[in-house]
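As they're listed, the protein sequences go chains A and B.
Going by this note's numbering, the first residue of the first sequence is number 1161, and it counts up by one from there.
Going by this note's numbering, the first residue of the second sequence is number 1161, and it counts up by one from there.
Just so you know, even glycine gets a beta-carbon here, dropped at the ideal spot from N, CA and C.
Each remark here refers to the structure printed beneath this line.
There are 2 protein chains.
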Amino acid sequence: MEDSAHPKRAVTVADVAKAAKVSKATAARVLGGYGVVSAKITDQVIAAAAALEYRPNELARSMSTGRSGIIGVVVGDIENAFFSLAVRGISDAARLAGFNVIIANSGEELAAEKSAVDLLIGKRVDGLIVTPARCDSIDHLQHVRRAGVPLVLFDRAIPELEADAVTGDDRDAAIVATRYLIGQGHRRLAYVSAMDDEGGGLTVLERISNSAVRERVEGFVSSLTEAGLPNPLHYVRLGATDQHHTDGVIKRLLSDSAPPTALLASDSLVGLRIFKSLRSLGLSIPNDVSMISFLDADWTSVTVPPITIVNQRVYEMGKLAGERLIARIERAPLAVEHLRVSTSLVVRGSVATISR
Amino acid sequence: MEDSAHPKRAVTVADVAKAAKVSKATAARVLGGYGVVSAKITDQVIAAAAALEYRPNELARSMSTGRSGIIGVVVGDIENAFFSLAVRGISDAARLAGFNVIIANSGEELAAEKSAVDLLIGKRVDGLIVTPARCDSIDHLQHVRRAGVPLVLFDRAIPELEADAVTGDDRDAAIVATRYLIGQGHRRLAYVSAMDDEGGGLTVLERISNSAVRERVEGFVSSLTEAGLPNPLHYVRLGATDQHHTDGVIKRLLSDSAPPTALLASDSLVGLRIFKSLRSLGLSIPNDVSMISFLDADWTSVTVPPITIVNQRVYEMGKLAGERLIARIERAPLAVEHLRVSTSLVVRGSVATISR
DNA sequence: CCGTCTAAAGAGACCGGTCTCACAACATAT
DNA sequence: ATATGTTGTGAGACCGGTCTCTTTAGACGG
């Protein structure tokens, strides 16, 4: 009774050709929309195709044309609003140009990233957008370039790799946020990131294998230095990977003999965790401690107080990355560029003014 | 200077075979991991493959095996936390079984959904997970079935279509939430959804072409009826598609001669918009009006008051859908089932108790 | 020493498209 | 009339794998 009894060999051009009583080549010309065919034969073929419910096998098409019409995207974590917004931007750019998107999650793990890249290359994607988990391990990306597959890095740049990158202007963003805090009278500022905190014996900066975070920390540090504040790295903390760890990080920061009066959260997930940590400690924002988060996530505008944020135009970043990649796919010779999308500070209510 | 000068014809089994001085068939056996090959030759081939940096062309592989190892997912909007969580669940299930995921956005538009489905079928995905934008237009999905491609519907069921569906237990969820509100003394309850409000001359229920929303509204209505409350559809409103429209919907609801005392938001995006609407109207939750939202979105736990929600286990739903699809792909004969993932009410602070 | 059996390797068809080339039919030029 | 050009169609190679079938070589028995 099931029509799935016959595993239903798909209808091919040859089938259509036979039904329309023309050669396979002719049917293919009509169906593929290339070459020249008379109007009469065209109609015959189209009618036959409709009757048989012909659907072209894109796989076979890709095989002979060498183009798959797919762009591969490797992100850290789709569940993160940052990436889902970016993916949306990429998808929109792709759709506009007739490309499709295949997404792989790396979970910010190098091994997963490598295998995802390998797999996408295997699928013969026309191009690749990658958020590199680490900026210090580039073999697999080097291989992408050697394979001749267009590559655009997203959110994080790797100067040693000759590949386009689309990032936010992280250094500048951190500077603007930090200067703002200093301008509001803060003198002890902390920077909190979710980066894995593993490297033993390395300085904080050396441990940051993620260019976006590093640039921000550098901007943060340079602003503190510029303001003549001592020991700028003292309050830079990594490892806010989940709520539990964040609680620990925050508790330790605030039990310092001279605790920071303001916290800068490296992304909206960290920001949310910090917010919850502070709340569970019974601390009031901004009276007890001020904070600024990156990314205009949903939650930041509905808290009390609403959170002052660094607005990263992530959708635009994604769209730009998509467009750049497609440009590279369609007309190859382009100079390698690092595109920076500017950010802006959105002042809301989470920063107190400290009077001396 | 550029190595991209040579468009770098990819390395094939034939190349590896030549380098290893064996036949193409033998090299393919080693590289494809099938058949029998002596240890010595195996080593030769592997060495040659490594030297040439051979990467199999999955496209060609899929062509001959008939399996692509890809499952296609068509969602309404990846930017929506509901879908990105679901996609995460699907991806995890897929990865575990060695499948990859290709994602397409329908923007909840039927035309986009159709073309996405067609395209994925063209790519010869091994199976399809679709969130149907409308439950009353099923030609394209019927075609998926006729093409013999396994299909699982997500979030919304279509009984007329013989296809598996994974949804939340929407009816029950609405009943639990509604009864809770009634139990807290509320007598005038509103239900607000983001569904497009287009159909002229139809009753509200007829206009809801989305089974999840319809089930919820039905549950909502039946609970009101059960409690003996009059005119249960009076406060059911569609069209909260963006902030502006939501502001309008809320304003109109609350200027009713007998305004509702509690609002039920159909999803977390609507919930957030309602929250903002109420705030901009200067109304206090829950003193002036109570609300419950679907989905445990980030923002719901950090507002003041935190929002009472219906917890949909979306990740589990996604994972279940993925697993179900894969089961169907790998061992076809399975009865069609509608799997419901139970939900639960998480009571927080957005519902007031009304004493009479 | 020959025949048989089996393991390992090679030859080549096939998947479903694209695309080059050959060829037929007819129009136009000489 | 033949030479040349144009247009539409057919035949078949090709993409890079898989996989079936055939062939070769070595092991073993009698």
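(request) Would you mind reading off the limits of the beta strand (DSSP E) that contains A1314(B)? (result) In the second sequence, residue 1314(B) corresponds to position 154, counting from 1. The sequence shown places Phe at residue 1314(B), rather than the Ala named in the question. For F1314(B), the uninterrupted beta strand (DSSP E) run begins and ends at 1311 to 1314, by DSSP.
(request) Rounded to whole angstroms, what's the CA-CA distance from D1163(B) to V1373(B)? Just pull it up for me. (result) Here residue 1163(B) is taken as the residue at index 3 of the second sequence, counted from 1. Here residue 1373(B) is taken as the residue at index 213 of the second sequence, counted from 1. Residue placement at D1163(B) is poorly supported in this model, since its pLDDT is 41, which falls under 50; the coordinates still yield a value, given next. Spanning the two alpha carbons is a distance of roughly 55 Å.
(message) List, in chain order, every chain A residue whose beta-carbon is nearer than 9 Å to that of T1172(B).
(response) Along the second sequence, read from residue 1 onward, the residue named residue 1172(B) stands at position 12. Scanning chain A for C-beta atoms nearer than 9 Å to the C-beta of T1172(B) yields nothing, as the closest lies near 12 Å away.
(message) Strictly under 8 Å for the Cβ-Cβ distance: is R1248(B) near chain A by that measure?
(response) Locating residue 1248(B) in the second sequence gives position 88, where the first residue counts as 1. Interface flag for R1248(B) against chain A is set, since a Cβ pair is found closer than 8 Å.
(request) Run down chain B in chain order and give the residues with a C-beta less than 8 Å from the C-beta of L1432(A). (result) Your numbering for residue 1432(A) matches position 272 in the first sequence. In chain order: D1458, V1462.
(message) Less than 8 Å between the C-beta atoms of V1147(A) and T1468(A), yes or no?
(response) Here chain A covers residues 1161 to 1516 and nothing more, so residue 1147(A) does not appear.
(message) So that I know if they touch, is there some Cβ in chain A lying closer than 8 Å to that of M1223(B)?
(response) Within the second sequence, residue 1223(B) is the residue found at index 63, counting from 1. At a cut-off of 8 Å, the C-beta of M1223(B) has a neighbouring C-beta in chain A.
(request) Tell me Q1472(B)'s beta-bridge partners as DSSP assigns them. (result) Taking the second sequence and counting its residues from 1, one reaches residue 1472(B) at position 312. DSSP, once it has assigned bridges, lists T1503(B) as partnering Q1472(B).
(message) Is it buried or exposed, P1390(A), if we count other Cβ atoms within 10 angstroms and call 16 or more buried?
(response) In the first sequence, residue 1390(A) corresponds to position 230, counting from 1. Exposed is the call here.
(request) Report the residues of the region 1313 to 1344 of chain B with a CB closer than 7 Å to any CB of chain A, ordered along the chain. (result) none
(request) Measure from the C-beta of F1435(B) to each C-beta in chain A and report whether the shortest distance is under 8 Å. (result) The residue given as residue 1435(B) occupies position 275 in the second sequence. Under the 8 Å criterion on CB atoms, F1435(B) is classed as interfacial with respect to chain A.
(message) What does DSSP give as the partner residue(s) for R1397(B) in the beta ladder?
(response) In the second sequence, counting from the first residue as 1, residue 1397(B) sits at position 237. Bridge pairing for R1397(B): V1352(B) [DSSP].
(request) Could you pull out every residue in the same chain whose Cβ sits closer than 7 Å to the Cβ of I1445(B), ignoring the five residues on either side in sequence? (result) As a first step, residue 1445(B) must be located in the second sequence, where it is residue number 285. So the qualifying residues of the chain are L1438, M1451, P1465, S1510.
(message) Out of G1408(A), R1473(A), G1482(A), which one is the CA nearest neighbour of G1258(A)?
(response) To locate residue 1258(A), count along the first sequence from 1; it is residue 98. The shortest Cα separation from G1258(A) among G1408(A), R1473(A), G1482(A) belongs to G1482(A).
(message) What are the residues in the region 1247 to 1267 of chain A lying within 9 Å of chain B by C-beta distance?
(response) V1247, R1248, S1251, D1252, R1255, N1260, V1261, I1262, I1263, A1264, N1265
(request) Tell whether a beta-carbon distance below 8 Å holds between Y1351(B) and V1377(B). (result) Here residue 1351(B) refers to the residue found at position 191 when the second sequence is read from its first residue. Here residue 1377(B) refers to the residue found at position 217 when the second sequence is read from its first residue. The answer is yes: Cβ separation under 8 Å.
(request) Would you mind telling me which residues of chain B sit closer than 9 Å to G1282(A), beta carbon to beta carbon, in chain order? (result) For the purposes of this step, residue 1282(A) is taken as residue 122 along the first sequence, with counting starting at 1. Per Cβ cutoff of 9 Å: R1215, P1216, N1217, E1218, L1219, R1221.
(request) Starting from I1263(B), trace the beta strand (DSSP E) both ways and give me its first and last residue. (result) Within the second sequence, numbered from 1, the residue matching residue 1263(B) stands at position 103. Segment 1260 to 1265, the beta strand (DSSP E) holding I1263(B).
(message) Can you check whether the C-beta of A1273(B) is within less than 8 Å of a C-beta belonging to chain A?
(response) As a position in the second sequence, residue 1273(B) is number 113, starting the count at 1. Looking at the sequence provided, one finds Glu at residue 1273(B) rather than Ala. For E1273(B), the answer is no, since every Cβ of chain A falls outside 8 Å of its Cβ.
(message) Looking at the secondary structure, which residues open and close the beta strand (DSSP E) in which T1327(B) lies?
(response) Indexing the second sequence from 1 puts residue 1327(B) at position 167. Counting along the chain, the beta strand (DSSP E) containing T1327(B) begins and ends at 1324 to 1328.
(request) Kindly indicate which three-state DSSP category S1183(B) falls into: helix, strand or coil? (result) For the purposes of this step, residue 1183(B) is taken as the residue at position 23 of the second sequence. In the structure shown, S1183(B) sits in coil (DSSP, three-state: anything other than H, G, I, E or B).
(message) Quick check on I1238(B) - is its C-beta less than 8 Å from some C-beta in chain A?
(response) Indexing the second sequence from 1 puts residue 1238(B) at position 78. I1238(B) counts as touching chain A.
(message) For the region 1298 to 1314 of chain B against the region 1324 to 1339 of chain B, do three or more pairs of beta-carbon atoms, one drawn from each stretch, fall closer than 8 Å, so that the two count as touching?
(response) yes
(request) Determine which residues share a DSSP beta bridge with S1453(B) and list them. (result) Here residue 1453(B) corresponds to residue number 293 of the second sequence, with the count starting at 1. Partner(s): A1425(B), I1469(B).
(message) Rounded to whole angstroms, what is the Cα-Cα separation between I1514(A) and I1289(A)?
(response) Stepping through the first sequence from its first residue, residue 1514(A) is reached at position 354. Stepping through the first sequence from its first residue, residue 1289(A) is reached at position 129. If I take the Cα positions, the gap works out to 44 Å.
(request) Under the assumption that K1184(A) contacts V1173(A) (Cβ atoms under 8 Å), give the Cβ distance between them as a whole number of angstroms. (result) The residue given as residue 1184(A) occupies position 24 in the first sequence. The residue given as residue 1173(A) occupies position 13 in the first sequence. Correct: roughly 6 Å between the Cβ atoms.
(message) In this structure, how does DSSP classify L1432(B) when only helix, strand and coil are distinguished?
(response) Along the second sequence, one-based indexing puts residue 1432(B) at 272. Helix, per DSSP.
(message) With three or more beta-carbon pairs closer than 8 Å as the criterion, would you say the region 1396 to 1412 of chain B touches the region 1491 to 1500 of chain B?
(response) no
(request) Could you give the DSSP three-state label for L1389(B): helix, strand or coil? (result) Sequence index remark: in the second sequence, residue 1389(B) carries index 229 (1-based). In the structure shown, L1389(B) sits in coil (DSSP, three-state: anything other than H, G, I, E or B).
(request) Rounded to whole angstroms, what's the CA-CA distance from V1381(A) to S1417(A)? Just pull it up for me. (result) The residue labelled residue 1381(A) in the question sits at position 221 within the first sequence. The residue labelled residue 1417(A) in the question sits at position 257 within the first sequence. Whole-angstrom Cα-Cα distance: 21 Å.
(request) State yes or no: is the beta carbon of H1404(A) nearer than 8 Å to at least one beta carbon in chain B? (result) Position 244 of the first sequence, counting from 1, holds the residue named residue 1404(A). False, the Cβ-Cβ gap to chain B never drops below 8 Å.
(message) Taking a contact to mean a Cβ-Cβ separation below 8 Å, would you say S1266(A) touches V1304(A) in this structure?
(response) Translated into the one-based positions of the first sequence, residue 1266(A) becomes position 106. Translated into the one-based positions of the first sequence, residue 1304(A) becomes position 144. Cβ atoms of S1266(A) and V1304(A): not closer than 8 Å.
(request) Measure from the C-beta of D1299(B) to each C-beta in chain A and report whether the shortest distance is under 8 Å. (result) By one-based count along the second sequence, residue 1299(B) stands at place 139. Not flagged as an interface residue toward chain A: D1299(B), since no C-beta distance is shorter than 8 Å.
(message) Determine whether the beta carbon atoms of S1143(B) and T1385(B) lie at a separation below 8 Å.
(response) Any answer about residue 1143(B) is impossible in this case: the structure gives chain B only from 1161 up to 1516.
(message) Tell me which residues share the same chain as L1517(A) and place their Cβ nearer than 6 Å to its Cβ, disregarding the 5 neighbours each side in the sequence.
(response) Here chain A comprises residues numbered 1161 to 1516, so residue 1517(A) is not present and cannot be evaluated.
(request) Run the CB neighbour count on K1200(B), radius 10 Å, all protein chains shown included, and call it buried at 16 or more, exposed below. (result) Against the second sequence, residue 1200(B) aligns to sequence position 40. Answer is exposed; the Cβ neighbour count stays below 16.
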